[in-house]
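Taking it in order: structure first as structure tokens, then the write-up.
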Amino acid sequence: MQIADNTVVILDYTVTNPEGDLIDSSSETGEPLTYLHGNGDIVPGLEQALTGRRVGDNFQITVPPEDGYGERYDELVQVVSRDQFVGIDNMEIGMQFQTEADGEVHVVTVTGLEGDEVIVDANHPLAGETLVFDVTVLEVRPATAEEIKHGHVHGAGGHHH
Ligand code: ZN
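Be aware that the sequence shown starts at 0, since it is given in numbering that gives the first Met the number 0, and climbs by one per residue.
Structure below.
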């Protein structure tokens with residue numbers, strides 16, 4: 000069957016930047032990626048390219064930032080006082096924290112430490128990056144009614160509840 004909205008897809012993938020440096024790979028995590036197609040779980044450029052593919056298809060696609068993790072915005076980089084991080088006494092560059100703003104959870108990454116100030120970046124770490132995907136489709140099956148209702152995959156590679 001072909002990949003379409005409300006199918007569960009399992010794939011092997013490798014992501015590099017245009018220079019060929021490895022960013023992420025399913026062989027590195029040891030597990031193929033399982034997702035519900037048409038649900039916005041993966042970057043839009045890749046989801047679009049997967050529509051209509053079948054088991055065994057292998058392809059490469061270059062996804063620009065606007066179809067990937069978005070552009071980088073300088074205004075998402077903020078300087079905050081260290082005393083806002085209650086209970087964290089070993090602050091290090093690269094640490095990530097969840098913050099809530101406008102009812103949405105954002106992940107911020109510490110990118111700098113200057114005295115009592117902490118520089119945090121709320122951009123996705125891959126924002127502004129052009130991503131080159133190499134993808135092999137391993138499995139395609141229809142999602143169950145329950146999976147569609149929940150908006151996520153159940154069982155292997157998905158939710159267990
Ligand atoms: Zn569920």
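By construction, the Cβ of each residue, glycine as well, lies at the ideal position given by its N, Cα and C atoms.
Can you tell me whether residue i is buried or exposed? The criterion is at least 16 other CB atoms within 10 Å of its CB, across all chains shown.
i           : result
residue 98  : exposed
residue 92  : exposed
residue 9   : buried
residue 88  : exposed
residue 34  : buried
residue 6   : buried
residue 155 : exposed
residue 42  : buried
Less than 8 angstroms between the CB of residue i and some heavy atom of ligand 1, yes or no?
i           : result
residue 128 : no
residue 145 : yes
residue 36  : no
residue 105 : no
residue 123 : no
Measuring CB to CB, does residue i end up less than 9 angstroms from residue j?
i           : j           : result
residue 57  : residue 134 : yes
residue 49  : residue 131 : no
residue 152 : residue 116 : no
residue 62  : residue 44  : yes
residue 39  : residue 46  : yes
residue 90  : residue 109 : yes
residue 15  : residue 64  : no
residue 25  : residue 31  : yes
Per the DSSP calculation, residue i is bridged to which residue(s)?
i          : result
residue 34 : 8
residue 83 : Answer by DSSP bridge pairing: none, since residue 83 is not bridged.
residue 53 : According to DSSP, residue 53 bridges with nothing at all.
Validate contact between the region 70-82 and the region 113-124 using beta carbons, cut 8 angstroms, 3 pairs
yes
Per the contact definition of three or more C-beta pairs closer than 8 angstroms, is the region 35-48 in contact with the region 142-151?
Taking 8 angstroms as the limit for Cβ pairs, the verdict is that the region 35-48 does touch the region 142-151.
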